[in-house]
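Student:
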Amino acid sequence: MKKLIFVFVLTLFLSGCVFNQKSNSDISYDDPQALELKEALMLHEEGKYKKAFMRFEEKAKAGNILAMYQVGVYYRDGLHVSKDLLRAMFWFKTAGRYGNTKALRSVGYMYEYGLGVNQNFKKAKAYYYEASNLGSALADYDLGLLYLKTNEQNDAKIFLNRACAGGINEACEKFKELKF
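Throughout the sequence shown, residue numbering follows the UniProt record's numbering, covering 1 to 180 in sequence.
Written out as structure tokens, the structure is:
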């Protein structure tokens, strides 16, 4: 029963930590990197946040890509550590270099909204596009919305349609709105 609860907690914690994301293909429950985070996740669930953060950070420094992303989330959101957008960006970019699509999307988001950096739509698009190329339908949705924001309707339609095909219902609705 404890194992079942752990898998459930792991699912919730790793798949929905940022920007109301849906589950992503970069997490696998037989992934050794995810299993390495068991202790950190348990500490977090027990309310021992500082210890949990220390474990995530330890694993991130040892090269665990999922932990790198989590450390970025802690710093970006000020979760039980002082909010530090520069450190968040560092950890997101580091995880992104290893192909973590959530981290790439987080960097794109920070550039899109000017969080800790100057707002830069060109850089935001580049990071979203990189995540999109790695198969993230959510990144397609991010790109579609950003193209709408910058009045690039044709590109917006392309990426919203791709996101819709990837199962993002909100993208389907936006695409339908643009079609008419």
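Don't be surprised by glycine CBs; every beta carbon is placed ideally from N, CA and C. This structure is a prediction, so every number in the text was calculated from the model and none was measured.
(1) Any idea what DSSP makes of GLY166, helix, strand or coil?
(2) Spatial neighbours of LYS174 within its chain, please: C-beta separation below 6 Å, excluding the five flanking residues on both sides.
(3) Taking the CB atoms as reference points, tell me whether TRP91 and TYR109 lie closer together than 8 Å.
(4) Give the DSSP-derived three-state secondary structure of ASN64 in the structure shown.
(5) Go ahead and pull the three-state DSSP assignment for GLY99.
(6) In angstroms with no decimal places, state the Cα-to-Cα distance between ILE65 and ALA124.
(7) Excluding the 5 residues preceding and the 5 following LEU134 in the sequence, name in chain order all residues of the same chain whose CB lies nearer than 7 Å to its CB.
(8) Can you check whether the CB of ILE158 is closer than 8 Å to the CB of LEU138?
(9) Could you check the C-alpha separation between ARG105 and TYR141 for me, to the nearest Å?
(10) Taking C-beta to C-beta, are GLY116 and MET89 nearer than 8 Å?
(11) Taking the alpha carbon of GLY96 as the reference point, which residue from GLN119, LEU79, GLY114, ALA60 has its own alpha carbon closest?
(12) May I ask you to report which of helix, strand or coil DSSP gives VAL81?
(13) Kindly indicate which residue of GLU58, VAL107, GLU170 has the alpha-carbon position closest to the one of GLN119.
(14) If ASN129 and TYR111 are in contact, beta carbons under 8 Å, what's the gap, nearest whole angstrom?
(15) Nearest CA to the CA of LEU178: which residue from GLU170, GLN153, GLY166, CYS164?
Tutor: On the basis of the coordinates in this document:
(1) Walking along the sequence shown from the start, residue 166 turns up at place 166. Three-state DSSP puts GLY166 in coil, outside helix and strand.
(2) Position 174 of the sequence shown, counting from 1, holds the residue named residue 174. Counting only Cβ-Cβ distances below 6 Å, and skipping sequence neighbours, we find LEU160.
(3) Translated into positions along the sequence shown, residue 91 becomes position 91. Translated into positions along the sequence shown, residue 109 becomes position 109. Contact flag unset, no.
(4) Taking the sequence shown and counting its residues from 1, one reaches residue 64 at position 64. Coil at ASN64, not helix or strand.
(5) The count along the sequence shown starts at 1 and reaches residue 99 at position 99. Here GLY99 sits in coil by DSSP.
(6) Along the sequence shown, read from residue 1 onward, the residue named residue 65 stands at position 65. Along the sequence shown, read from residue 1 onward, the residue named residue 124 stands at position 124. C-alpha separation (whole angstroms): 21 Å.
(7) The sequence position of residue 134 within the sequence shown is 134, counting from 1. Answer for LEU134: GLY99, THR101, listed in chain order.
(8) Here residue 138 refers to the residue found at position 138 when the sequence shown is read from its first residue. Here residue 158 refers to the residue found at position 158 when the sequence shown is read from its first residue. Taking 8 Å as the Cβ cut-off, LEU138 and ILE158 do not qualify as a contacting pair.
(9) Translated into positions along the sequence shown, residue 105 becomes position 105. Translated into positions along the sequence shown, residue 141 becomes position 141. Approximately 11 Å between the Cα atoms of the pair.
(10) Within the sequence shown, numbered from 1, the residue matching residue 116 stands at position 116. Within the sequence shown, numbered from 1, the residue matching residue 89 stands at position 89. Yes, the pair counts as a contact, with Cβ atoms nearer than the cut-off.
(11) Along the sequence shown, one-based indexing puts residue 96 at 96. The shortest C-alpha separation from GLY96 is found at ALA60.
(12) Stepping through the sequence shown from its first residue, residue 81 is reached at position 81. Looking at VAL81 - three-state DSSP - the assignment turns out to be coil, as it is neither helix nor strand.
(13) Counted from its first residue, the sequence shown places residue 119 at position 119. Ranking the options by Cα distance to GLN119, first place goes to VAL107.
(14) The residue given as residue 129 occupies position 129 in the sequence shown. The residue given as residue 111 occupies position 111 in the sequence shown. It should be noted that the sequence gives Tyr, not Asn, for residue 129. Not a contact, Cβ separation roughly 12 Å.
(15) Within the sequence shown, the letter at position 178 stands for residue 178. Of GLU170, GLN153, GLY166, CYS164, the residue nearest in Cα terms is GLN153.
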